[in-house]
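**Student:** The sequence shown begins at 1 in the numbering used here and counts up by one. The beta-carbon is built from N, C-alpha and C at its ideal position, and this holds for glycine as well.
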Amino acid sequence: MDARRRSSTSPGGGGANATTDPDNQSSASIDLKSHSSYDEGDTPIPLSFWLKSISLFFLLTLMSSSVYRPCLSSTDRNVTPAPHQFIGANARRHLQKVTFLGSRTSGSLANEVLAPEYLLSELYDIARLGKSNGADIFVDEQLSSAASFRTGYAVQSYKNVKNLLIRFHNSSLSNHTTAFLVNCHYDSFLGSPGATDTFVNCAILLEAGRAIATGKVQLVNDLIFLFNGAEESGLLTSHAFVTQHRWSNDVKSFLNLEGTGAGGRLFVFQSSSDESSQLLLGTYESCFHYPYADVFGEEIFQSGLIPSDTDFRIFRDFGFVPGLDMAYVRDGYAYHTPFDTEARISEECLQQNGEEILRFLSAVGGDKRLESVSKLKSVNDTGLPSSGPPLNELSSTKISRSQLPKPKVQTSAHHRHVYFDILGIKLFVVSWTRWKLFNWFISLLVCCRLCFIRGSLPSRWVGLGISLVLHCLSQALGLIFSLLLGFVVHSFGFRMSWYSNQYNVVGLYILPLLCWFICYSTWFFHTLHRHNGLLRKICAYAKWSVTGDRRWNYALIEADFFDAATLLLTVLVSVLTVLDRPAVFLFTLWLTSTVLGRFTYKFIFSGSTFSSLSNFLLTLMPTLTLWHVYFSRTILEFFIPVFGRSGHLVRQDVLMSGFVFFCVAPVALFILGPLHCSSTNCGKTLRLLFLNACVTYAVLVHSSSYGFPYTFTTGGNINDSSVSPRFQRLSVFHIDRTFHGSLGSKELEGQESFITILAWDGNGIQYLKPQTGLKFLDDNENGKPNGLRELLEATPAYCNFSLPYCGIPFFRPLFHFFTDFYHIPAKQHGSKPVAQLDVISRIPLASSQLQSGRVAWNFTFSLRPGPPQTPLALRFDVPHVRLLNWSFAVDTSVPVPVPLTKSPSDPHVESVGAHYFLDFIDARASISLPVEPWVFWLVIDRPSDMESSHFDIAVMGTYLDTKLPSCVSAQLDDVVSRLPPWISLSSGCASYDHYRVGLS
1 MDARRRSSTS PGGGGANATT DPDNQSSASI DLKSHSSYDE GDTPIPLSFW
51 LKSISLFFLL TLMSSSVYRP CLSSTDRNVT PAPHQFIGAN ARRHLQKVTF
101 LGSRTSGSLA NEVLAPEYLL SELYDIARLG KSNGADIFVD EQLSSAASFR
151 TGYAVQSYKN VKNLLIRFHN SSLSNHTTAF LVNCHYDSFL GSPGATDTFV
201 NCAILLEAGR AIATGKVQLV NDLIFLFNGA EESGLLTSHA FVTQHRWSND
251 VKSFLNLEGT GAGGRLFVFQ SSSDESSQLL LGTYESCFHY PYADVFGEEI
301 FQSGLIPSDT DFRIFRDFGF VPGLDMAYVR DGYAYHTPFD TEARISEECL
351 QQNGEEILRF LSAVGGDKRL ESVSKLKSVN DTGLPSSGPP LNELSSTKIS
401 RSQLPKPKVQ TSAHHRHVYF DILGIKLFVV SWTRWKLFNW FISLLVCCRL
451 CFIRGSLPSR WVGLGISLVL HCLSQALGLI FSLLLGFVVH SFGFRMSWYS
501 NQYNVVGLYI LPLLCWFICY STWFFHTLHR HNGLLRKICA YAKWSVTGDR
551 RWNYALIEAD FFDAATLLLT VLVSVLTVLD RPAVFLFTLW LTSTVLGRFT
601 YKFIFSGSTF SSLSNFLLTL MPTLTLWHVY FSRTILEFFI PVFGRSGHLV
651 RQDVLMSGFV FFCVAPVALF ILGPLHCSST NCGKTLRLLF LNACVTYAVL
701 VHSSSYGFPY TFTTGGNIND SSVSPRFQRL SVFHIDRTFH GSLGSKELEG
751 QESFITILAW DGNGIQYLKP QTGLKFLDDN ENGKPNGLRE LLEATPAYCN
801 FSLPYCGIPF FRPLFHFFTD FYHIPAKQHG SKPVAQLDVI SRIPLASSQL
851 QSGRVAWNFT FSLRPGPPQT PLALRFDVPH VRLLNWSFAV DTSVPVPVPL
901 TKSPSDPHVE SVGAHYFLDF IDARASISLP VEPWVFWLVI DRPSDMESSH
951 FDIAVMGTYL DTKLPSCVSA QLDDVVSRLP PWISLSSGCA SYDHYRVGLS
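(1) Do you know offhand how far Ala846's Cα is from Pro868's?
(2) Run through the DSSP bridge pairs and tell me what Gln728 is partnered with.
(3) May I ask you to verify whether the region 188-197 touches the region 138-155, counting CB pairs closer than 8 Å and requiring at least 3?
(4) Near Cys989, which residues of its chain fall below 6 Å by C-beta distance, leaving aside the five closest residues on each side in sequence?
(5) Would you mind sorting Asp340 into buried or exposed? The rule is 16 or more other CB atoms within 10 Å of its CB.
(6) Below 8 Å on the Cβ atoms is my guess for Asp838 versus Phe861; work out the distance and round it to an integer in Å.
(7) So for Tyr995, helix, strand or coil by DSSP?
(8) Can you tell me the Cα-Cα spacing of His289 and Val364, whole angstroms?
(9) Apart from the five residues on each side of it in sequence, which residues of its chain come closer than 7 Å, Cβ to Cβ, to His702?
(10) With respect to the alpha helix (DSSP H) encompassing Lys398, which residues constitute its N-terminal and C-terminal limits?
(11) With a 10 Å radius around its C-beta and 16 neighbouring C-beta atoms as the bar for buried, classify Glu456 as buried or exposed.
(12) In whole angstroms, give me the CA-to-CA distance for Asp563 and Leu470.
(13) Could you tell me which of Arg128, Thr870, Leu114, Thr214 sits nearest to Lys162, measuring between CA atoms?
(14) Closest by CA to Ile983, which one among Leu758, Gly234, Leu872, Asp945?
(15) Does the separation of the CB atoms of Ala1001 and Gly229 fall below 9 Å?
(16) Name the two residues that bound the continuous beta strand (DSSP E) containing Ile137.
(17) Can you tell me whether DSSP reads Gly988 as helix, strand or coil?
(18) Does the separation of the CB atoms of Pro512 and Phe561 fall below 9 Å?
(19) State the CB to CB distance for the pair Asp187 and Thr99, rounded to an integer number of angstroms; the pair is presumed to be in contact (CB under 8 Å).
(20) Measuring only the C-alpha atoms, how far is Val584 from Val573?
(21) Do Asp820 and Arg645 have their C-beta atoms within less than 9 Å of each other?
(22) By Cβ distance below 7 Å, which residues in the same chain neighbour Gly14 in space, the five residues on each side in sequence not counted?
(23) Compute the distance between the beta-carbons of Ile843 and Phe296, then report whether it is under 9 Å.
(24) In the structure shown, what three-state DSSP assignment does Gly191 receive?
(25) Would you mind reading off the limits of the alpha helix (DSSP H) that contains Glu285?
(26) With a threshold of 16 other CB atoms inside 10 Å of the CB of Arg401, please say whether the residue is buried or exposed.
(27) Going by DSSP, which residues form a beta bridge with Tyr419?
(28) Do Gly354 and Ala208 have their CB atoms nearer than 9 Å?
(29) Leu221 to Glu371, Cα distance in whole Å?
(30) Quick one: complete beta strand (DSSP E) runs, 3+ long, within the region 848-898?
(31) Is Phe951 near Leu999, with beta carbons less than 9 Å apart?
(32) How would you call His35, buried or exposed, if buried means at least 16 neighbouring beta carbons within 10 angstroms?
(33) Run the CB neighbour count on Asp945, radius 10 Å, all protein chains shown included, and call it buried at 16 or more, exposed below.
(34) Rounded to whole angstroms, what's the CA-CA distance from Glu558 to Ala154? Just pull it up for me.
(35) Counting Cβ pairs closer than 8 Å, one from the region 296-308 and one from the region 425-440, do we hit at least three?
(36) Below 8 Å on the Cβ atoms is my guess for Gly478 versus Ala668; work out the distance and round it to an integer in Å.
Given below as structure tokens:
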């Protein structure tokens, strides 16, 4: 390459001619030959290059959209399928039959009677078909006995929850008991038909079971299909299976089928950290022709960032069984809403997923390696923190994630795998050990390349250092800019405008972030260079420019920036590798692709007359960028619906801006150098272009319905799959609260009733009022205001720490995600039956068993539940009054309080106390009365010199089944009828009975 300077440019790329400094020509020529990505080292990048790149990027975005969506099937619709094949129409029939029953909450008539009747009928039909084909098929119905266990911060207690099972056995292997478990649940969330979450999986298993019963599948291992009936109530029935059912000991591995969206492909997002993961992931790779899996999802899910849990953890922590977790994640807006209907599941997706699951089960059922899979190794300790104050002396506002029990199984990074799909075409599964070795190899290769190219020339290392500093500065300031932008939008703009229109992410966050990088690269550095003599000298020493002439050596600048970017990625890859984070594969792919692409370019374009940088970017970057856009879209399309139920503590726009920075940062690393090498006119045009686009989009979003965070035109048809239910999630409960005197006394100290309104996202109630200030909302087609006038002057209610669990009968222990709620006064609903709490005994404990200076009692209680779900809340004035032990969750050594969030204006900060949440469900409470009482005991102590003390206990009943005469509230119906049309509602009646028990 000719390294002679034929023209000179100003720092911005001007066009004055000059000659090259002879003292620098020799070394510069050597550097250009070894480093250059240009055929002409002093020619700046023109505007046309960036316009082509922008056009290419949008083309790749459209291409990524097309590869993200489709479901394909190998079955020809014009050919009648054979009996042993998966028939989607049969699965559709099962799906319609059960989802048409409506919401199926634990204890409801639909969940405990109607759905099981249909499922058992189909299971016995499968067993009869199998018997006619010489197969041994066993059907079983499990009704659990009483049990309790800890999940997260709370304790789940249950009895009479139901499991339905079918077991396929090869009659020729009479002594073989090795089994593979497949799990789905047929219950649903409150108000949701639960098609994708997750009866579609049960429907697929019914049809897969029929195909297996034809006898065409040769089984070496047994297959057990578990249809569990209480997953949504706290993973109860999976716990009942692994701890109580006789078949659980035969299970070597499992597949858990879940749903957090509405159809689409099944996404693998969790795998066990043991040797079985290679077997299961390898089988998945061979059987699922359109793979959809990512270990990054596993890292995110297990980090606790997503407020959700699955039966996977129960099988792992209580059954010590390894397995896989799959879920539907597309269109997560319908998750846990009335829009989760069977009509939203396409025929193609139902057929494809059914075929792939049947292939997977056939392969696992015939794999002899399953017998050698061992149970996961349990951890011998309690899983509780080993340092700090005793957990039963901490108040609920001081409990954090560090106090959560650790997994009960040993998780070894040695047995983990890196797995990810490329555009749904190819799945890569590599053991973490091998991927670590590759990470170290590519890191060493980068370091050797830098040493070889730069050698002993100090000027070249100075150029690398300048580039490294500028890269770090751009990334740090870019992150600050992005988070600050999110904070400004969250505080002063339309919050979550991207929730209803995901393309608003581009206009509100991606364009401004790119604008920042452009301004930084094309203006900031050059301005400093013109006004800072020291910087000019450093640049001249690095051969970036000639002192006095201010001419730029663009070839060396681009090469230094490229090398600095690869060095930064190398450091990041090395750190994450040391920390054993398989999600590092994202950065490994970027590092490997760019470095090897640079090498490849040397051979392909070494004699080209075109710009080498252009060739490099336009040949390597499309493939890499297409995959990166595909990955980024996958992450954003999964997380955006989750933000609709993320609570009040999260600033959704700030978090979204952080996600955007994470997606843009790798791309920015490799465009920063070319931006620095752009001409003055090019940089100015790009700045104006992006700045105008940002301002125009911001005005559009904040002045029209285009930025409203929710969809509000649905046509009234929840089965219309073209309508995306991007609604605000809202809980509205009519609550009767009763304050009793001493426990056992019939004296009442007070009663009150109100309707509680709780929004599940950061927008709160601002769009529930009839006067929003937004014309396109206030002027609706009926001429009537949408919203609740009672909220116009309402003040938020906060957690009352003097009452157990804030004095609110929350049906799940999730109040730590919220800061406030609103009350509308109401008359009592008087739902029946009501729960009844009594003290059976109160026994003082011997002082020899206690800590010096303290006295204790063992209280035994009897609780006769009212509705099926009757949680219990406790409160203690720690550290004086403490809960030492109880009859729940015997697998944990000490009770741990649930966390609560301090409210902005809390009058009870000094008396927060320790709050405990016990979720109790008797699934037969509504359909078989009388119900046996729930008997439990508590061990409580206090200082012996404390004259008066007490603890509080509250019984909370939630009435959810609309098909039983349990919740009748005309006032609740009136409030619901006046809610705006962009609301997705969870509603019902609840009771809260408070008791204060003295310790004397």
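**Tutor:** According to the structure data:
(1) In the sequence shown, residue 846 corresponds to position 846, counting from 1. In the sequence shown, residue 868 corresponds to position 868, counting from 1. Answer to the nearest angstrom: the Cα atoms are 37 Å apart.
(2) The residue you call residue 728 lines up with position 728 of the sequence shown. Paired residues: Ile983.
(3) no
(4) Against the sequence shown, residue 989 aligns to sequence position 989. Excluding positions up to five away in sequence, the list reads His734, His829, Ser831, Tyr959, Cys967, Ser969.
(5) Indexing the sequence shown from 1 puts residue 340 at position 340. Answer is buried; the Cβ neighbour count reaches 16.
(6) Along the sequence shown, one-based indexing puts residue 838 at 838. Along the sequence shown, one-based indexing puts residue 861 at 861. Yes, Asp838 and Phe861 are in contact; Cβ-Cβ is about 7 Å, under 8 Å.
(7) As a position in the sequence shown, residue 995 is number 995, starting the count at 1. Of the three classes helix, strand and coil, the one that applies to Tyr995 here is strand, per DSSP.
(8) Within the sequence shown, numbered from 1, the residue matching residue 289 stands at position 289. Within the sequence shown, numbered from 1, the residue matching residue 364 stands at position 364. For His289 and Val364, the distance between alpha carbons rounds to 16 Å.
(9) Taking the first residue of the sequence shown as 1, we reach residue 702 at position 702. Contacts found: Gly493, Phe494.
(10) Locating residue 398 in the sequence shown gives position 398, counting from the first residue. It is not in any alpha helix (DSSP H) - Lys398 carries neither H nor E in the DSSP assignment.
(11) Counted from its first residue, the sequence shown places residue 456 at position 456. Per the sequence shown, the amino acid found at residue 456 is Ser instead of Glu. Its Cβ having fewer than 16 others within 10 Å, Ser456 is exposed.
(12) Counting from one through the sequence shown, the residue named residue 563 turns up at place 563. Counting from one through the sequence shown, the residue named residue 470 turns up at place 470. Their Cα atoms are separated by approximately 12 Å.
(13) Walking along the sequence shown from the start, residue 162 turns up at place 162. For Lys162, the nearest C-alpha among the options comes from Leu114.
(14) Position 983 of the sequence shown holds residue 983. It is Leu758.
(15) The chain is shown only over 1 to 1000; residue 1001 falls outside these bounds and no answer can be derived.
(16) In the sequence shown, the residue the question calls residue 137 occupies position 137. That run of the beta strand (DSSP E) goes 136-143.
(17) Residue 988 sits at position 988 when you count from the first residue of the sequence shown. Strand at Gly988.
(18) On the sequence shown, residue 512 is found 512 positions in, with the first residue counted as 1. On the sequence shown, residue 561 is found 561 positions in, with the first residue counted as 1. No.
(19) By 1-based counting over the sequence shown, the position of residue 187 is 187. By 1-based counting over the sequence shown, the position of residue 99 is 99. Actually they are not in contact, since the Cβ atoms of Asp187 and Thr99 sit about 12 Å apart, beyond 8 Å.
(20) As a position in the sequence shown, residue 584 is number 584, starting the count at 1. As a position in the sequence shown, residue 573 is number 573, starting the count at 1. Using only the alpha carbons, I get a separation of about 6 Å.
(21) Within the sequence shown, numbered from 1, the residue matching residue 820 stands at position 820. Within the sequence shown, numbered from 1, the residue matching residue 645 stands at position 645. No, the pair does not count as a contact, with Cβ atoms beyond the cut-off.
(22) As a position in the sequence shown, residue 14 is number 14, starting the count at 1. Residue placement at Gly14 is flagged as unreliable, the pLDDT there being 41, under the threshold of 50; a coordinate-derived value is accordingly withheld.
(23) Within the sequence shown, residue 843 is the residue found at index 843, counting from 1. Within the sequence shown, residue 296 is the residue found at index 296, counting from 1. Result no, Cβ atoms of Ile843 and Phe296 do not sit closer than 9 Å.
(24) By 1-based counting over the sequence shown, the position of residue 191 is 191. It is coil, neither helix nor strand.
(25) Residue 285 sits at position 285 when you count from the first residue of the sequence shown. It spans 276-287 - the alpha helix (DSSP H) in which Glu285 sits, taken as one unbroken run.
(26) Position 401 of the sequence shown, counted from the start, is the residue given in the question as residue 401. Classification of Arg401: exposed, given that the 10 Å Cβ count is below 16.
(27) On the sequence shown, position 419 is the one that residue 419 refers to. Paired residues: Val429.
(28) The sequence position of residue 354 within the sequence shown is 354, counting from 1. The sequence position of residue 208 within the sequence shown is 208, counting from 1. Contact flag set, yes.
(29) Along the sequence shown, read from residue 1 onward, the residue named residue 221 stands at position 221. Along the sequence shown, read from residue 1 onward, the residue named residue 371 stands at position 371. As written in the sequence, residue 221 is Asn, which differs from the Leu given in the question. Looking at the two C-alpha atoms, the distance is approximately 8 Å.
(30) 854-864, 872-876, 882-886
(31) By 1-based counting over the sequence shown, the position of residue 951 is 951. By 1-based counting over the sequence shown, the position of residue 999 is 999. Their beta carbons are under 9 Å apart, which means Phe951 touches Leu999 by this criterion.
(32) The residue given as residue 35 occupies position 35 in the sequence shown. Reliability of the predicted coordinates at His35 is poor, the pLDDT of 43 falling under 50, and no value is obtained from them.
(33) Here residue 945 is taken as the residue at index 945 of the sequence shown, counted from 1. It counts as exposed.
(34) For the purposes of this step, residue 558 is taken as the residue at position 558 of the sequence shown. For the purposes of this step, residue 154 is taken as the residue at position 154 of the sequence shown. Approximately 56 Å between the Cα atoms of the pair.
(35) no
(36) Position 478 of the sequence shown, counted from the first residue, corresponds to residue 478. Position 668 of the sequence shown, counted from the first residue, corresponds to residue 668. That pair is a contact at about 7 Å.
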